[in-house]
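Student: Protein chains in written order, with the working numbering: chain V, 366 to 480; chain B, 3 to 118. Yeah, the Cβ is synthetic: ideal placement off N, Cα and C, and Gly gets one too. Bear in mind that the values here come from a model prediction, so they are computed numbers and not experimental data.
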């Protein structure tokens, strides 16, 4: 049973470019969340997708957008990259309706470097 | 205000000894869950232990236990018999029931280093 898979694992972009990160959730999970983890900090919630719609969003600008596909996989898009967007981007999947105890399963992340 | 506070940026522990990693939280929601995750250098967040706000007993999972003091709003992680493989970043996180989704709020983390 595959866990959460993310691609690419590492990438380098320059300021102003656009990037797309991909995530396949754990089998049986229907909800995907994205987190940004800057170096030396805890993860920060970006947004969550369920039933192909953005259900919840953290304090991130509109440059950050996403999508969820019918097979529950998801993409995170970041436009007009800034140096401060350099971070590890973590995808987490879960099953909706499991309440506060529902476990999130994380992928190994995509490490983005913006030069 | 910070919802999750981890006051120890780094901790050393001798192999085979126990160590406590501190976590305090802030919420007005009566229903919430507290989580601890381990993050090795590979980047993946590995779930360790969960404590619900209504749980009467402290959670335990193998060598991990959670010292839950609800009145003090603290949820410290205790690792017994430390192993070299325990060296990693550790994050405390909270989910509040009244959140629309499953959003987790994380603390800043504690780097644990186990000495042989």
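Among 105/B, 99/B, 88/B, 116/B, whose alpha-carbon lies nearest the alpha-carbon of residue 40/B?
Tutor: Locating residue 40/B in the second chain gives position 38, where the first residue counts as 1. Closest by alpha carbon: 88/B.
Student: Using a threshold of 9 Å, state whether the C-beta atoms of residue 438/V and residue 404/V are closer than that.
Tutor: Locating residue 438/V in the first chain gives position 73, where the first residue counts as 1. Locating residue 404/V in the first chain gives position 39, where the first residue counts as 1. Cβ atoms of residue 438/V and residue 404/V: not closer than 9 Å.
Student: By the three-class DSSP mapping on this structure, what secondary structure does residue 86/B have?
Tutor: The residue you call residue 86/B lines up with position 84 of the second chain. Residue 86/B falls in the helix class under three-state DSSP.
Student: Shortest alpha-carbon distance to residue 68/B belongs to which of 14/B, 42/B, 26/B?
Tutor: As a position in the second chain, residue 68/B is number 66, starting the count at 1. Answer by Cα proximity: 26/B.
Student: Looking only at its chain, what residues have a beta carbon closer than 6 Å to the beta carbon of residue 37/B, apart from the 5 residues adjacent to it on each side?
Tutor: Position 35 of the second chain holds residue 37/B. The residues are 52, 95.
Student: Whole-angstrom Cβ separation of residue 86/B and residue 42/B, contact assumed at under 8 Å?
Tutor: By one-based count along the second chain, residue 86/B stands at place 84. By one-based count along the second chain, residue 42/B stands at place 40. 12 Å between Cβ atoms; not a contact.
Student: Where residue 381/V and residue 397/V are concerned, what is the direct C-alpha to C-alpha distance, given to the nearest angstrom?
Tutor: By one-based count along the first chain, residue 381/V stands at place 16. By one-based count along the first chain, residue 397/V stands at place 32. Cα to Cα, the separation comes out at about 27 Å.
Student: Taking the C-alpha atoms as reference points, what is the distance between residue 459/V and residue 390/V?
Tutor: Indexing the first chain from 1 puts residue 459/V at position 94. Indexing the first chain from 1 puts residue 390/V at position 25. Cα to Cα, the separation comes out at about 8 Å.
Student: Within the 9 Å Cβ cut-off, does residue 115/B reach chain V?
Tutor: Taking the first residue of the second chain as 1, we reach residue 115/B at position 113. It does not: the Cβ of residue 115/B has no partner Cβ on chain V nearer than 9 Å.
Student: Alpha carbon to alpha carbon, what distance is there between residue 379/V and residue 456/V?
Tutor: Along the first chain, one-based indexing puts residue 456/V at 91. Along the first chain, one-based indexing puts residue 379/V at 14. Cα to Cα, residue 456/V sits roughly 23 Å from residue 379/V.
Student: Could you tell me the alpha carbon to alpha carbon distance between residue 448/V and residue 393/V, rounded to whole angstroms?
Tutor: By 1-based counting over the first chain, the position of residue 448/V is 83. By 1-based counting over the first chain, the position of residue 393/V is 28. Near 36 Å, if we compare the C-alpha coordinates of residue 393/V and residue 448/V.
Student: Please look up how many angstroms separate the CB atoms of residue 374/V and residue 473/V, rounded, as I've assumed it's under 8 Å.
Tutor: By 1-based counting over the first chain, the position of residue 374/V is 9. By 1-based counting over the first chain, the position of residue 473/V is 108. Rounded, the Cβ-Cβ distance is 7 Å, consistent with contact.
Student: Using a Cβ-Cβ distance cut-off of 9 Å, determine whether residue 387/V contacts chain B.
Tutor: Along the first chain, read from residue 1 onward, the residue named residue 387/V stands at position 22. With 9 Å as the cut-off, residue 387/V does not count as an interface residue toward chain B.
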